[in-house]
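Numbering (full-length UniProt numbering), first residue to last: 1 to 325.
Data first, discussion second: the structure below is written as structure tokens.
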Amino acid sequence: MNQKQLPKPKWEEMQRDVLMRIFSTFSLMDLALTVSSVCKSWRPVCYEPSIWKSLDLTEMDKFFRNPFIPNAWSDHKSSERFWRILKYFVNLSNGNLSTMVFHLFINIGDSHLAYTSRRTPKLKKLVLPRWSRLTEEGYFRAFKVWKGVESLVLPGCNISPYTMIKLIGKNLKNLSNLKIVFDYFDKSCATAILRFLPKLKALSLKGSVVERKAVEMILDNLNNLEELNLSHCFIDVTRYYPQYLHIMDPIYKTITRKASRLKKFYVCRRYNCVMCRCEYYYPLPHWALLRCIGHTSVVLAEVWVIWDVLAWDKVTPQPVLDHSD
């Protein structure tokens with residue numbers, strides 16, 4: 001007697017809780033622009049607010065043409081288009097976003113940040129773009145709403161580092177992880193961190209030019225610090241004479257000794273770091289050398305360095321010191 005063949009299950013009849021578990025592994029861009037178009041029964045699940053926890057606008061590259069240049073989409077037509085995209089995704093999240101990643105190259109202004117902050121009050125992690133029209137007032141209004149932010153990535157800003165750190169410290173009281181790129185991290189920047197961010201646990205200056213004394217101030221006085229990332233940094237700088245810039249090699253004994261209390265300490269060696277190795281061939285760091293050539297070159301160099309900062313989990317070297325276990 002032949003057994004009856006069981007009917008083949010249909011994708012559109014899959015249980016809702018199973019679909020939600022599967023869809024939670026997709027990016028929001030994929031859900032809204034691709035998966036939701038597969039069948040009608042999937043569409044309401046794709047827009048389930050509980051799935052919308054993380055919005056990464058760098059995913060736009062898969063669906064829209066984004067030029068690999070600073071201040072992309074800054075013309076009127078493109079700016080209006082970005083406004084529609086931003087509003088669409090932020091509104092769909094229904095206030096549930098905990099992570100917000102802005103696109104590195106797309107230029108945003110105070111209105112973009114204000115709109116996003118009002119509709120994402122539960123935000124825990126924020127990644128801002130490198131190139132923007134954001135002002136001190138714009139940062140202040142947004143940070144005042146994002147009281148719960150614990151991790152901030154700031155590849156660059158249009159205001160002074162001291163003012164920026166002050167704004168962060170006075171408004172983001174729960175911040176424990178700061179990743180920031182400074183054109184020049186000196187003792188005034190270190191003083192600002194010690195004064196306004198005394199509870200900071202993780203600090204990344206990856207890709208910055210830093211002053212040795214400023215690093216020592218951080219290690220001596222930031223008592224809650226557990227992790228410091230100085231990879232791809234140029235240290236011990238004579239600020240007004242860039243020809244004397246040189247990479248930290250060998251690692252200064254004082255910095256290594258002071259960093260021994262940390263759980264993790266990241267730093268590059270000139271000879272085994274692909275990113276920093278070009279300093280071995282040139283008297284200037286790669287970005288400083290290109291700055292002397294012309295505007296186009298410095299843009300490309302900054303793109304390279306900042307893009308690497310945003311992807312530190314992939315290219316950061318193993319910590320010189322790791323006491324996390």
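Each residue gets a CB set at the ideal place from its N, CA and C atoms; glycine is no exception.
Report task. With a floor of 4 residues, list each alpha helix (DSSP H) that falls wholly inside the segment 167 to 200, ordered by position along the chain. Result -> The alpha helix (DSSP H) runs of length 4 or more contained entirely in the segment 167 to 200 are, from start to end of the chain, 187 to 196.
Query raised in the report: Buried or exposed: which applies to Ser231, given that a residue is buried once 16 or more other Cβ atoms fall within 10 Å of its Cβ?
Result: The residue labelled residue 231 in the question sits at position 231 within the sequence shown. Counting of Cβ neighbours within 10 angstroms places Ser231 among the buried residues, the total reaching 16 or more.
Query raised in the report: Based on Cα-Cα distance, which residue from Ser117, Pro129, Gly148 lies nearest to Asn107?
Result: As a first step, residue 107 must be located in the sequence shown, where it is residue number 107. Comparing Cα-Cα distances from Asn107 to each of Ser117, Pro129, Gly148, the minimum goes to Pro129.
**Report entry** Per-residue DSSP class, three states only, for Thr99
**Finding:** What you label residue 99 is simply residue 99 of the sequence shown in a count that begins at 1. Strand at Thr99.
Query raised in the report: Given a threshold of 16 other Cβ atoms within 10 Å of its Cβ, counted over all protein chains shown, does Phe140 qualify as buried or as exposed?
Result: Taking the first residue of the sequence shown as position 1, residue 140 is located at position 140. Phe140 comes out exposed.
**Report entry** One or two residues paired with Asp110 in a DSSP bridge
**Finding:** Here residue 110 is taken as the residue at index 110 of the sequence shown, counted from 1. Bridge partners of Asp110: none, in fact.
Report task. Taking Ser79 as part of the alpha helix (DSSP H), name the residues at either end of that continuous run. Result -> By 1-based counting over the sequence shown, the position of residue 79 is 79. It spans 76 to 92 - the alpha helix (DSSP H) in which Ser79 sits, taken as one unbroken run.
Requested in this report: Would you mind reading off the limits of the alpha helix (DSSP H) that contains Val145?
Outcome: The sequence position of residue 145 within the sequence shown is 145, counting from 1. That run of the alpha helix (DSSP H) goes 136 to 145.
Query raised in the report: Near Ile159, what residues of its chain come up, given a Cβ to Cβ distance below 7 Å and the 5 sequence neighbours on each side ignored?
Result: What you label residue 159 is simply residue 159 of the sequence shown in a count that begins at 1. Once the five neighbours on either side are set aside, the close Cβ partners of Ile159 are Glu136.
Query raised in the report: By Cβ distance, which residues of its chain are closer than 8 Å to Phe196, with the 5 residues on each side in sequence left out?
Result: The sequence position of residue 196 within the sequence shown is 196, counting from 1. A distance below 8 Å between beta-carbons, with the five flanking residues on each side excluded, links Phe196 to the following residues of its chain, in chain order: Ile165, Lys166, Ile168, Gly169, Lys170.
Report task. Report the option in Glu59, Asn224, Lys206, Glu216 whose CA atom is closest to the CA atom of Thr254. Result -> Sequence index remark: in the sequence shown, residue 254 carries index 254 (1-based). In this structure, Glu216 is the residue among Glu59, Asn224, Lys206, Glu216 with its C-alpha nearest to the C-alpha of Thr254.
Query raised in the report: Roughly how many angstroms separate the alpha carbons of Gln15 and Lys199, rounded to a whole number?
Result: Position 15 of the sequence shown, counted from the start, is the residue given in the question as residue 15. Position 199 of the sequence shown, counted from the start, is the residue given in the question as residue 199. Cα-Cα distance, rounded: 45 Å.
Report task. Label Pro44 either buried or exposed according to how many other C-beta atoms from any shown protein chain fall within 10 Å of its C-beta, with 16 as the threshold for buried. Result -> The count along the sequence shown starts at 1 and reaches residue 44 at position 44. Exposed is the call here.
Query - Start-to-end residues for the beta strand (DSSP E) that takes in Asp56 - result: Translated into positions along the sequence shown, residue 56 becomes position 56. Taken as a continuous stretch (DSSP letters only), the beta strand (DSSP E) holding Asp56 covers 54 to 56.
Query raised in the report: If you check the beta carbons only, do Phe102 and Leu57 fall under 7 Å apart?
Result: Along the sequence shown, one-based indexing puts residue 102 at 102. Along the sequence shown, one-based indexing puts residue 57 at 57. Yes, the Cβ-Cβ distance between Phe102 and Leu57 is below 7 Å.
Requested in this report: Determine the DSSP secondary structure at Ile235, reduced to helix, strand or coil.
Outcome: Translated into positions along the sequence shown, residue 235 becomes position 235. Strand.
Query raised in the report: Since Val127 is in the alpha helix (DSSP H), which residue starts that stretch and which ends it?
Result: Along the sequence shown, read from residue 1 onward, the residue named residue 127 stands at position 127. The continuous stretches of alpha helix (DSSP H) do not include Val127, which lies in the beta strand (DSSP E) extending over residues 125 to 127.
Requested in this report: Take the Cβ of Leu19 as the centre, count every other Cβ of all protein chains shown within 10 Å, and call the residue buried at 16 or more, exposed below.
Outcome: Position 19 of the sequence shown holds residue 19. Counting of Cβ neighbours within 10 angstroms places Leu19 among the buried residues, the total reaching 16 or more.
**Report entry** Ser260, DSSP secondary structure in three states
**Finding:** Numbered from its first residue, the sequence shown carries residue 260 at position 260. It is coil, neither helix nor strand.
Report task. Whole angstroms is fine: what's the gap from Phe26's alpha carbon to Ile85's? Result -> If you number the sequence shown from 1, residue 26 lands on position 26. If you number the sequence shown from 1, residue 85 lands on position 85. So the two alpha carbons sit approximately 18 Å from each other.
Query raised in the report: Using the C-alpha atoms, what's the distance from Ser50 back to Pro208?
Result: Taking the sequence shown and counting its residues from 1, the one referred to as residue 208 is at position 208. Taking the sequence shown and counting its residues from 1, the one referred to as residue 50 is at position 50. For clarity, residue 208 is Ser in the given sequence; the question names Pro instead. Within the model, the alpha-carbon separation for Ser208 versus Ser50 is close to 38 Å.
Query raised in the report: From what residue to what residue does the alpha helix (DSSP H) around Leu219 run?
Result: Start at 1 with the first residue of the sequence shown, and residue 219 comes out as number 219. Element bounds for Leu219: 212 to 221.
**Report entry** Beta-carbon spacing of Ser111, Val145 below 7 Å
**Finding:** Counting from 1 along the sequence shown, the entry for residue 111 is found at position 111. Counting from 1 along the sequence shown, the entry for residue 145 is found at position 145. For Ser111 and Val145, no; Cβs fall outside 7 Å.
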